Amino acid sequence: MYSNIFLPRQWSRIACLCRTVSTVEAQKLPQNSNSSDGISPPPRIPRGPTDILQALAATVGPDPTAAHYKYHDDPYLIPLSNFRKRSYALSAEAGRKAAAWIRDEHADLFTTREWDPPGKKKTPYLNADPYIEAFAPRPIYNDESKVTEEDFNYTIQNALLEDAIKVYELLGGAQVISDELKIKFLQLLCFYNEKEPISMDWVEERWFAANTRERQAATWRLGGLADSIFTSMEPKTPEAYCAVIQGMAKYYQAERAHALAQEAIEQGIPLSTSVFNSLLSCIGFLKEGTTLRIEALKTLLSQMNEQGLTPNHETLTACLRSVSAWGGGKILQQIALQVIAEFRQIGIQPGLSAYYYLLCLFCKERGAQIDILTSILNDLEKREKLVPQEATDTNFFITAMGVCSDHLQNIDLAERLHKLLMKDDNYKLVGDAYKESIYYRHYITVTCRHAPFEKTLQLLDTLVPNVYVPEPSVMEEIIRTLEVGGAGDRLAQAWSQLVIFGHANRTRLVERLLDAFCNCYQYQDDEVKAKIRSAAADILKFGQMAEEKEESGDRRSPVQKLSATAISNIIELCSDVQDKADPGWDIVGEALNKLRAEQAMGVPARPEILIEVAKKAATVGKPGIAATAVTYLADCGFEEALTASVQTLSLMLNRTEEEVQALLQEDRTKLTSALHPSALVVAEAYHAMKTGTTLHSDSSTSSESDSDSSSDNE
Amino acid sequence: MNSSILKLAQICTTGQINQLSTVLASQLHISAPLCRVVSGKYRITKKKDRPLTYEMANPPHFIAHRKSWNSWNTSSLKDGLRRSETAVEDEFIRRFMNGTWHGLVCSEVIIKRQFNHIRVAAIIRRAVSPMKMYFLLGYTEELLSNWIQCPVTLELQTVDSFKDVVFKYI
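Chains A and B, in that order, are what the protein sequence lines are.
Using the UniProt record's numbering, you'd call the opening residue of the first sequence number 1 and step up by one each time.
Using the UniProt record's numbering, you'd call the opening residue of the second sequence number 1 and step up by one each time.
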């Protein structure tokens, strides 16, 4: 019964197998363009395992309206300042590290994995199927561990430097280990100079590490493990020489590297191209003076030629790196151009690093303006793809943007460069967080200074705050641009941005913003004016909050106080209201009290503001504020206080100025009974000022200290 | 349950033994009546002050009508794989979330599985600083994915207080 069913089933299976085999075959066969039946399928393109994912990813562009995908998409968890961006990303990574630590410490617990098919037999240890390396516990090596050469190989393969050294010691040192592993170990030690690198797993830590420029000094560990392993090796293989020389050259132990290289050449040991590359890049540490250095460079190159080595693009970069590190000047620039021309002849195009060093060499801060960036961009734009080849490639974009902004001050070039960075997945060439922020700092600065206003606003809207949060210096630049453009609405927004970005405690910036407010307040719509007023009021409140915090001891660094000029700016803005009941007057009152209590730095630059405010307050019906303003002016010893007090009084009492003058000459006791308390205060300010100035009539200008003392004397 | 036992007795007496296996397989019910009346429902309190979220306010028979499932996977479909394992893992994830985000989880923990990827969603109270939340986020994701051996992503939403998720009081 069963056999009946069995055969056709098998048949269909065999047919299916045949079909698949034939399709596989068809795919594998190279296709001729003209086959017999006229159908010519295109030849098969070999695909990698992640090609489809990459193709899918390429369809999604960057979205500047959303936070970076590493942050959680929730209003509470989206960072809006540089500090928060950094700390959130690193916090998440710290959590990940904690989990990894638990996994490694309790590796025996992380073993169960009931994967499909369900019936699979379990073993007592590690049931993961498929076994996924990334999720498996990492071994921990300590003094008690039993280790084998396999462990040693594992640590070397995964660049676990400290673990590798531990295992090496546990194994019993150089005598026990096979030569192949010894070479590998030596290479690892030389590459990292016996310093544990940040693991590849910790992406954020690497991103925020900000090891901007490694120290250009001989940091090679003399007499370290690498040296001792090298000396213990007998006979010394070419690989060993190559590793040690490259390590020494990489960490600027130039003399010993060169000596070792000479020794190797004399003994007839072949050296690799990369050894010569590394030697080329540390010539500057060997010789002094441009001519000697150039000579050494040429000798090394000809030595390379003698050894029968063809230079590669790294040779070009190494040459340029050396040349650019030797300072500037015509001769070096000539040399650099010669080198590039010669390498072009043998078919080696300069990469991003080479261009980076060229920019360093030609575009000095205080040199003549040389525009080599245009031709570089022409070349790079023609290329189909920018392939990262060396670690220094990431320096190109930041330096080029710096050149656009400081050296050439050319917005067109900056835009071209930015377009190049945004093309395909070139954005990975931006480097790390530090470089990225510098890149955008340059870009925004040059845009603010040289681009049309509309375009600047557009750029700011795209970049701020998700892609880039401006630093204080850039913020100042932005405020200046907005002020010149007369965008009052945006200036009012700028205050809330300052608060969000965490710059609100920077007094200089806030004062600059207040200045900008005042300068473009006049020609704004009423609606915008109201916004600016509320922003100014908020600035005052923010300052008070910060001070209260300081008093309660929450803050460690002392709060810088706003200058009197800035506060008088706030007063000017907030007093621009007609209604008596407007909350603006309360702010004015508070600001004046602050001024009087001497909680501000210096004296106002424009006392006429306060006079205007006093008069206005008197007309509107706020005698208290008018009195405070006049008294403060008198306290500060401004000459204008006299006329101001008279004018204010005349407005308060609704009399002509002459009448007020006459009134003021009267006896004080009489005034006390006759006048409103606020008017009395103004009158007293008048008297204080008058006596104060008469006291110091010999000094032509009543300086601040003089008037202070005089008001103290009263 | 009573009725099925009665049926069983009937069948035994009539001697149709060969039908027994199918009956046993299909008609053995456990606590079915209880399920209809009590489970998944909340008792009304005297003071009517028991807070319920939307999810709690809708009894189980509203699943797929007014509310949705708390676990999304294909293990309970025909020929689905890893049924018990999935259930146990889900329970582990729920307990782990409630313990790690202690006193912060305001809703049911929703577990969605797609391919080898597990997405865990929940509503979290904003009782700790964002920095601590990010620490917990990274910790939970990494530990769970190491434990279950597949990528785990947390999809959290935050609310100011528990009151924000209260649908009604009973």
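Ideal Cβ positions, reconstructed from N, Cα and C, are used throughout, including at glycine.
Because the structure is a prediction, the values reported are computed rather than measured.
Interface residues of chain B around residue i at Cβ under 8 Å?
i, result
"A/Asp526", "The premise fails here: A/Asp526 is roughly 35 Å from chain B at the closest Cβ pair, so nothing lies under 8 Å."
What are the start and end residues of the alpha helix (DSSP H) that includes residue i?
i, result
"A/Gln187", "Asp179 to Tyr192"
"residue 723 of chain A", "Only positions 1 to 714 of chain A appear in this structure, which leaves residue 723 of chain A out of reach."
"B/Ala127", "Where B/Ala127 is concerned, there is no enclosing alpha helix (DSSP H), given that its DSSP letter is neither H nor E."
"B/Thr86", "Arg83 to Thr100"
"A/Leu498", "Gly488 to Phe501"
"A/Leu161", "Leu161 to Leu171"
"A/Leu300", "Thr290 to Gln307"
Could you name the residues of chain B that residue i contacts, counting a contact when the two beta carbons are closer than 7 Å?
i, result
"A/Glu93", "Gly138"
"A/Trp72", "Checking the sequence, you will find His at residue 72 of chain A rather than Trp. Simply Leu137 and Leu156."
"A/Phe110", "Asn146 and Trp147"
Can you tell me where the beta strand (DSSP E) holding residue i begins and where it ends?
i, result
"B/Gln114", "Ile110 to Gln114"
"A/Lys455", "Here A/Lys455 belongs to no beta strand (DSSP E); instead the alpha helix (DSSP H) covers Phe453 to Leu463."
"B/Phe167", "Val166 to Tyr169"
"B/Glu155", "Val152 to Val159"
"A/Leu399", "For the record, residue 399 of chain A in the displayed sequence is Thr; it is not Leu. Unbroken run through A/Thr399 is the alpha helix (DSSP H), Asn395 to Gly402; no beta strand (DSSP E)."
"B/Thr53", "Pro51 to Thr53"
Does the beta-carbon of residue i have 16 or more other beta-carbons within 10 angstroms, so that it is buried, or is it exposed?
i, result
"A/Lys428", "exposed"
"A/Lys423", "exposed"
"A/Met200", "exposed"
"A/Ile52", "exposed"
"B/Thr74", "exposed"
"B/Ile123", "buried"
"A/Gln10", "Low confidence applies here, because A/Gln10 scores a pLDDT of 49, under 50, leaving its location unreliable; read the following figure in that light. The residue is exposed, with fewer than 16 neighbouring Cβ atoms inside 10 Å."
"A/Tyr141", "buried"
"A/Lys250", "buried"
"A/His503", "buried"
"A/Pro235", "exposed"
"A/Tyr69", "exposed"
"A/Cys16", "Unreliable positioning characterises A/Cys16 in this predicted model, as indicated by a pLDDT of 45, which lies under 50. The coordinate reading is nonetheless provided below. Classification of A/Cys16: exposed, given that the 10 Å Cβ count is below 16."
"A/Lys184", "buried"
"A/Glu194", "buried"
"A/Thr374", "exposed"
"B/Asp90", "buried"
"A/Ile198", "exposed"
"A/Thr23", "Unreliable positioning characterises A/Thr23 in this predicted model, as indicated by a pLDDT of 45, which lies under 50. The coordinate reading is nonetheless provided below. Exposed, since its Cβ has fewer than 16 Cβ neighbours within 10 Å."
"B/Phe167", "exposed"
"A/Ala341", "exposed"
"B/Ser71", "buried"
"A/Gly637", "buried"
"residue 222 of chain B", "There is no way to answer for residue 222 of chain B, as the model of chain B reaches only from 1 to 170."
Using a threshold of 8 Å, state whether the C-beta atoms of residue i and residue j are closer than that.
i, j, result
"A/Leu377", "A/Leu420", "yes"
"A/Thr648", "A/Ala614", "yes"
"A/Glu666", "A/Ile609", "no"
"B/Leu154", "B/Glu142", "no"
"A/Ala325", "A/Gly284", "yes"
"A/Asp143", "A/Val167", "no"
"A/Ser650", "A/Tyr686", "no"
"B/Tyr134", "A/Gly95", "yes"
"A/Leu279", "A/Ala226", "no"
"A/Ala617", "A/Ile625", "yes"
"A/Thr273", "A/Tyr252", "no"
"A/Leu361", "A/Ala336", "yes"
"B/Leu104", "B/Val120", "no"
"A/Ala564", "A/Ala516", "no"
Can you pull the chain A neighbours of residue i, defined as C-beta to C-beta under 7 Å?
i, result
"B/Pro130", "Tyr76, Leu77 and Tyr88"
"B/Met133", "Leu77"
List the residues of chain A whose Cβ lies closer than 9 Å to the Cβ of residue i, in chain order.
i, result
"B/Glu108", "Those do not exist, as B/Glu108 stays about 18 Å from chain A at its closest Cβ, beyond 9 Å."
Can you pull the chain B neighbours of residue i, defined as C-beta to C-beta under 9 Å?
i, result
"A/Ile198", "None at all; the shortest Cβ gap to chain B is about 16 Å."
Whose Cβ in chain A lies nearer than 8 Å to the Cβ of residue i?
i, result
"B/Ser145", "Phe135"
"B/Arg126", "Tyr76"
"B/Glu91", "Here the premise fails: no neighbours, minimum Cβ distance about 14 Å."
- [ ] Flag this pair as touching only if the stretch 509–518 of chain A and the stretch 453–462 of chain A have three or more C-beta atom pairs under 8 Å; answer yes or no.
- [x] Taking a cut-off of 8 Å for Cβ pairs, the stretch 509–518 of chain A and the stretch 453–462 of chain A do not touch, as fewer than three such pairs fall below it.
TODO: Spell out a yes or no on whether the stretch 82–92 of chain A and the stretch 480–489 of chain A are touching, meaning 3 or more CB-CB pairs, one atom from each, closer than 8 Å.
DONE: They do not touch, by the three-pair rule.
Open item on the list: When you compare the stretch 105–121 of chain B with the stretch 47–64 of chain A, are there three or more beta-carbon pairs, one atom per stretch, that lie closer than 8 Å?
Closed with: Contact between the stretch 105–121 of chain B and the stretch 47–64 of chain A is absent, because fewer than three Cβ pairs lie under 8 Å.
Task: Given 8 Å, three or more beta-carbon pairs between the stretch 386–396 of chain A and the stretch 353–371 of chain A - done: Touching, yes, given that three or more Cβ pairs across the two stretches are closer than 8 Å.
Task: Stretch pair the stretch 440–457 of chain A + the stretch 465–478 of chain A: three plus CB contacts closer than 8 Å - done: When C-beta atoms of the stretch 440–457 of chain A are compared with those of the stretch 465–478 of chain A, three or more pairs fall below 8 Å, so the two segments count as touching.
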